[in-house]
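Structure, as structure tokens:
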Amino acid sequence: MGILYIIATPIGNREDITLRALRILKEADVVFAEDTRVTKKLFSLYGIATLLRSYHQRSGKAAGDAVIRALSEGKKIALVTDAGTPGISDPGNELVARVRAELPETKIEPVPGPSALTAALSVAGVPTNSFLFLGFLPHKKGRKTALDALALSERMIVLFESPHRIQKLFLELNARVPERRAVIFRELTKMFESAISGTVAELKQKLIEGDIPSRGEFVVVLTP
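Structure below.
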């Protein structure tokens with residue numbers, strides 16, 4: 668059997684990649700990437716010439732079949748996402764589950780590294796011994812239920828949010844928990860990285876007025 672490597676890649680700053688990750692990306696027979704165009708830029712920077720193929724949320728069964736076939740042939744396969752750790756708010760977990768079910772003897776090896784979740788928590792200045800990570804909330808179906816449950820929770824909560832919905836998220840939170848304190852992290856590790864804290868009501872207003880630009884990727888930490 669081959670080996671499946673789950674490799675974390677930079678969430679912004681391309682220097683944030685481990686020596687082990689670079690070595691395995693060079694040694695792998697094939698690298699399956701969420702977006703090959705994004706991964707090609709990383710490969711170009713570090714002189715990696717490994718074959719790239721696509722594996723993403725809309726790949727369908729064929730991409731998974733290709734991974735299973737390659738592993739059955741004894742190949743070294745690496746999986747990367749556009750940014751961060753595959754399987755964290757990413758369909759990589761589905762591939763891992765399939766490999767475990769269909770090829771139980773295959774070695775699946777994590778190559779840890781960058782994660783927006785741990786990066787945000789490390790500088791949030793809040794207790795991190797216990798928290799609830801919800802990733803991206805549902806866009807439509809189930810969103811109200813998730814927000815209502817979130818509002819009732821007494822635990823620290825971490826969310827991911829896109830630039831298209833960050834204002835909407837804080838409008839929804841403001842209708843439920845306006846006085847709850849939060850931190851918004853934007854563009855972690857990138858040139859315009861920022862962290863702004865305040866109550867939900869204060870942060871909602873900053874978003875509406877443009878003091879917090881609705882551009883880039885967001886991590887939101889809600890304190891208990």
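Note that the working numbering gives residue 804 to position 137 of the sequence shown, counting from 1, and the numbers run on in steps of one.
Positions of the beta carbon are idealized from the N, C-alpha and C atoms, including for glycine.
- As far as DSSP is concerned, G809 takes part in no beta bridge.
- Under the three-state reduction of DSSP, V793 is assigned to coil, being neither helix nor strand.
- If you ignore the 5 residues before and after E860, its C-beta comes within less than 6 Å of the C-beta of E854, all in its own chain and listed in chain order.
- Per DSSP, the continuous alpha helix (DSSP H) segment holding E876 begins and ends at V867 to E876.
- By alpha-carbon distance to L870, the top candidate from M858, T752 and P845 is P845.
- Listed as beta-bridge partners of F710 by DSSP are no residues whatsoever.
- Your pair I673 and L692 does not check out as a contact, with CB atoms roughly 12 Å apart and the cut at 8 Å.
- Of the residues E876, L784 and V793, the one whose Cα lies closest to the Cα of A750 is L784.
- Membership of K774 in the beta strand (DSSP E) is indicated by the continuous run K774 to V778.
- In the DSSP secondary-structure assignment, S721 is bridged to A700.
- Approximately 18 Å separates the beta-carbon atoms of G741 and R765; this is outside 8 Å, ruling out the contact.
- In the DSSP secondary-structure assignment, K743 is bridged to I670.
- Contact annotation: the region 822–836 touches the region 873–884, with at least three C-beta pairs closer than 8 Å.
- Going by beta carbons, V705 and A745 fall outside the 8 Å limit.
- Sequence-distant partners of L799 (beyond 5 residues in either direction) whose C-beta falls short of 8 Å from its own C-beta, in its chain, are S820, R822, M823, I824 and V825.
- Straight across, the Cα-Cα distance linking K743 with S864 is about 44 Å.
- Under the three-state reduction of DSSP output, R843 falls in the coil class, being neither helix nor strand.
- Under the DSSP assignment, R767 falls in the alpha helix (DSSP H) whose first and last residues are G759 to E769.
- The region 676–696 and the region 777–791 touch, with three or more beta-carbon pairs separated by less than 8 Å.
- The beta carbon of T752 sits closer than 6 Å to the beta carbons of A675 and S782 from its chain, once the five residues preceding and following it are set aside; these are given in chain order.
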